[in-house]
Amino acid sequence: MADAPTLGLPTLGADADLALYGLQGTQTLNFPVPAGLTPAELTATVELPPNVTAGSIAVTQDNRTVSRVDLPPDRAPISIPLAGAEVVDNAVTVLLRSQLLPPAGYCLYDTAIPLRLVNAAVVYTGRETPPQVVADFLPPVLERLTIYVPESPSRAESDAAVRLTTAVVARYGEQRTDVDVEALRGDAMAPPTPSGPFERNIVVREGPNAAVSLQGTDGVPALLITGPANDLLNQARLLSSDLSQLALASKAVAGPIKSSPQLPGNETTIRELGQPGVNATALKPQVTVGLDQTRLGRPVKGVRVHLKGSYTPLPASLGGQVVASVNGQTVDRWPIDASGAIDRWVDVPDELLQRYTNLGVAVDLSGNTGRCGEFQPVTLTIDGATTVETTQADPPVPAGFQSLPQAVMPRMLVGLGADFADTRRAVAIAEGLQRLSALPIDTEVVSVDDALATQSPALVVAADGWPGDRPELPVSSAADGELDVDRLDGERTTLRLDPGLRFGSLQTVSDDNRTVLVATSNGDAGELDSLLGWLDGDSRRWARLSGVAVIAPAGEEPVTVAGESPATDQAADTETKPAATLWLGAGATVAAAAALIGWLLLRRRRRA
Numbered sequence: 003m004a005d006a007p008t009l010g011l012p013t014l015g016a017d018a019d020l021a022l023y024g025l026q027g028t029q030t031l032n033f034p035v036p037a038g039l040t041p042a043e044l045t046a047t048v049e050l051p052p053n054v055t056a057g058s059i060a061v062t063q064d065n066r067t068v069s070r071v072d073l074p075p076d077r078a079p080i081s082i083p084l085a086g087a088e089v090v091d092n093a094v095t096v097l098l099r100s101q102l103l104p105p106a107g108y109c110l111y112d113t114a115i116p117l118r119l120v121n122a123a124v125v126y127t128g129r130e131t132p133p134q135v136v137a138d139f140l141p142p143v144l145e146r147l148t149i150y151v152p153e154s155p156s157r158a159e160s161d162a163a164v165r166l167t168t169a170v171v172a173r174y175g176e177q178r179t180d181v182d183v184e185a186l187r188g189d190a191m192a193p194p195t196p197s198g199p200f201e202r203n204i205v206v207r208e209g210p211n212a213a214v215s216l217q218g219t220d221g222v223p224a225l226l227i228t229g230p231a232n233d234l235l236n237q238a239r240l241l242s243s244d245l246s247q248l249a250l251a252s253k254a255v256a257g258p259i260k261s262s263p264q265l266p267g268n269e270t271t272i273r274e275l276g277q278p279g280v281n282a283t284a285l286k287p288q289v290t291v292g293l294d295q296t297r298l299g300r301p302v303k304g305v306r307v308h309l310k311g312s313y314t315p316l317p318a319s320l321g322g323q324v325v326a327s328v329n330g331q332t333v334d335r336w337p338i339d340a341s342g343a344i345d346r347w348v349d350v351p352d353e354l355l356q357r358y359t360n361l362g363v364a365v366d367l368s369g370n371t372g373r374c375g376e377f378q379p380v381t382l383t384i385d386g387a388t389t390v391e392t393t394q395a396d397p398p399v400p401a402g403f404q405s406l407p408q409a410v411m412p413r414m415l416v417g418l419g420a421d422f423a424d425t426r427r428a429v430a431i432a433e434g435l436q437r438l439s440a441l442p443i444d445t446e447v448v449s450v451d452d453a454l455a456t457q458s459p460a461l462v463v464a465a466d467g468w469p470g471d472r473p474e475l476p477v478s479s480a481a482d483g484e485l486d487v488d489r490l491d492g493e494r495t496t497l498r499l500d501p502g503l504r505f506g507s508l509q510t511v512s513d514d515n516r517t518v519l520v521a522t523s524n525g526d527a528g529e530l531d532s533l534l535g536w537l538d539g540d541s542r543r544w545a546r547l548s549g550v551a552v553i554a555p556a557g558e559e560p561v562t563v564a565g566e567s568p569a570t571d572q573a574a575d576t577e578t579k580p581a582a583t584l585w586l587g588a589g590a591t592v593a594a595a596a597a598l599i600g601w602l603l604l605r606r607r608r609r610a
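By our numbering, the letter at position 220 of the sequence shown is numbered 222, and the numbering carries on one by one without gaps.
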């Protein structure tokens, strides 16, 4: 159990650094409080903006001052007391308010450079207490979850493990809880060792009697989820359902629990997408409206945003315009008027859409703003009632990894074999996909054949090799070492390697109006495991994947295969129309083979 721990803000689900903009900046801080612990102080290193002579930070809660401290010199540590902050539902929410003092007569303070509290952490007092009832099994802070299944898991056991993974990762969100799967030896019903601080163990095993129960008295108990094959999933769903808060005993038996995600329709508001509204105050204010396809639960195109809001009315001596942009590219602009109202439809071009698209709105002023202190900053506000209209994109926009996970939402089939290794691979991929999504991904484990035979989005794990061309992958390999690769112009070309190159891969395919993510290799499952281990080594790597496939050759850094590019179609027609076959001599190295793959428009990814 944890004893008086100090936890960095990333562990608590927040950014490592806190930024307070302006001479009077504010920042809301919300963090969890595990049972038995009490927050004592917030520690950090101060980075002062330029031209600040002094300042202070106050912590308030419900209009009550918790503490106030003077700012130390630049790059010095700071300790902000939190004693007395009220804990509500295992969490604390406080408001940090900074007061900065510039030199006398100085009025050109740059509001774009904030006061930063770097590498912030919360110091707790007390000792973590173990759960006594099922409802308290999952703690407010969870760094690692280990799921134990039999050495040869049944389909129901694999299904429960994958669903537990997505449910837990979705629940803890930015805490980025790590999920592992381990095999139970023989008929064991308990993990070999108890879990550590801020960790939990769950055992999933079929049995005659359905139940969810705490097991063991040494440290933190494990959670045993058991039941017949047709009821095991219901028991696993208990942890992510509203019923879990009523499981106020060490053992509970769940009845039928349905999984029915509620997704927005073709028209919604940014408030319903998790953004209650945005505002900024500056000489030239700008705000960002986030358009997250995972919150829409499907790939979209034809995005139109009905901006509703206001800006401070300007005097007649000043002109200006409101500018809307996507990823730095202007998509609309219109002149300011005396009313200060914003009521404008803005179209987002399909070619600028990504998994997460930022629509920027800025007020750009022109004219004489007067001498020092004669002009007040402008406040720009975009209301949460701003409407977002979309239509479903088929095929997804954009294609490839940037279409995931929204292209396999709300429900994804998981096709895999019967061995433990495939279950572990499926859990690793489901964990990575769920980290990208603001909404839970519903999953169902089936056989590989069943996953390929349906019209539903699917993840297919075929670690030892891809069975034929069902569907055809962007990169495939024959036994004689020949690679068959999609070019950017949509044509296929080949590359023959001697000796052949072993690699693991994750590849995306748009097949029969659905998206399939394939995890495979060309005969060496260990290379697929190496790729999944590389992705799991840094939670940011999943988000950075682009193109339609990522290939991990033995001993080489992963490379990505770019998707079809319409801009290159005309140029491709004037080049080698027949698919060229290239030969690599027997004395060539694997590194040279990877270089030739690069010639085929594969872009080497840097290690994060």
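Glycine included, each C-beta is placed from N, C-alpha and C at the ideal position.
Since the structure is predicted, the reported quantities are computational estimates derived from the model, not experimental observations.
The beta carbon of A401 lies closer than 6 Å to those of G565 in the same chain, with the five residues before and after it left out.
Taking A163 as reference, the option from A185, E176, T30 with the minimal CA-CA separation is A185. In the three-state reduction of the DSSP assignment, Q295 falls in the helix class. Judged by DSSP in its simplified three-state form, S523 adopts strand.
Y108: not part of any alpha helix (DSSP H); DSSP gives it neither H nor E.
With a 10 Å radius around the Cβ and a threshold of 16 neighbouring Cβ atoms, S341 comes out exposed. DSSP places L497 in the strand class (E or B) of the three-state scheme. Between V291 and V302, the gap from beta carbon to beta carbon reaches 8 Å or more.
Distance check between T283 and each of K260, D189, D366, D345 places D366 closest, using alpha-carbon atoms only. Between the C-alpha atoms of L234 and R207 there is a straight-line separation of about 8 Å. Restricting attention to T131, A343, M414, the CA atom closest to the CA of G221 is found in T131.
One alpha carbon belongs to A432, the other to N515, and they sit about 21 Å apart. Selection N236, T219, A213 evaluated against L226 yields A213 as nearest (Cα-Cα). For Q63, the enclosing beta strand (DSSP E) covers residues 56-63. Between V450 and S261, the alpha-carbon positions lie close to 23 Å from each other.
Excluding sequence positions up to five before and after V125, its CB lies within less than 7 Å of the CB of T8, A42, E43, T45, all in the same chain and listed in chain order. Note: T393 is bridge-paired with K303 in the DSSP secondary-structure output.
Using a Cβ distance threshold of 8 Å, G279 and A326 do not count as a contacting pair.
Per DSSP, Q237 lies in no beta strand (DSSP E); the unbroken alpha helix (DSSP H) holding it starts and ends at 231-239. Annotation for L435: no beta strand (DSSP E) segment contains it, though the alpha helix (DSSP H) segment containing it runs 422-437. Three or more pairs of CB atoms, one per stretch, sit closer than 8 Å, so the stretch 10-26 contacts the stretch 164-180. Between the beta-carbon of Q237 and that of A224 there is about 14 Å, and that puts the pair past the 8 Å contact cut.
Counting along the chain, no beta strand (DSSP E) covers S160; the unbroken alpha helix (DSSP H) around it starts and ends at 157-174. Listed as beta-bridge partners of A213 by DSSP are T228. E559 and L534 have their C-alpha atoms spaced approximately 12 Å apart. A direct Cα-to-Cα measurement between T28 and Y358 gives close to 26 Å. Sequence-distant Cβ neighbours of R297 in its own chain, meaning closer than 7 Å and more than five residues away, are L275, G276, A440, L441. When secondary structure is reduced to three states using DSSP, E208 falls in the strand class. Sixteen is the threshold: when 16 or more other Cβ atoms of the shown chains lie within 10 Å of the Cβ of N524, as they do, the residue is buried. Within the model, the alpha-carbon separation for P397 versus K253 is close to 46 Å. Leaving aside the five residues that flank D180 on each side, the residues in its chain whose CB is nearer than 6 Å to its CB run, in chain order, R146. Of the residues D189, R187, T228, the one whose Cα lies closest to the Cα of I204 is T228.
Here Q295 is buried: its Cβ has 16 or more other Cβ atoms, across all protein chains shown, within 10 Å. V170 is not a Cβ neighbour of T425, given a cutoff of 8 Å. The alpha-carbon of L39 is positioned some 40 Å away from that of T381. Around the beta carbon of G267, fewer than 16 other beta carbons lie within 10 angstroms, which makes this residue exposed.
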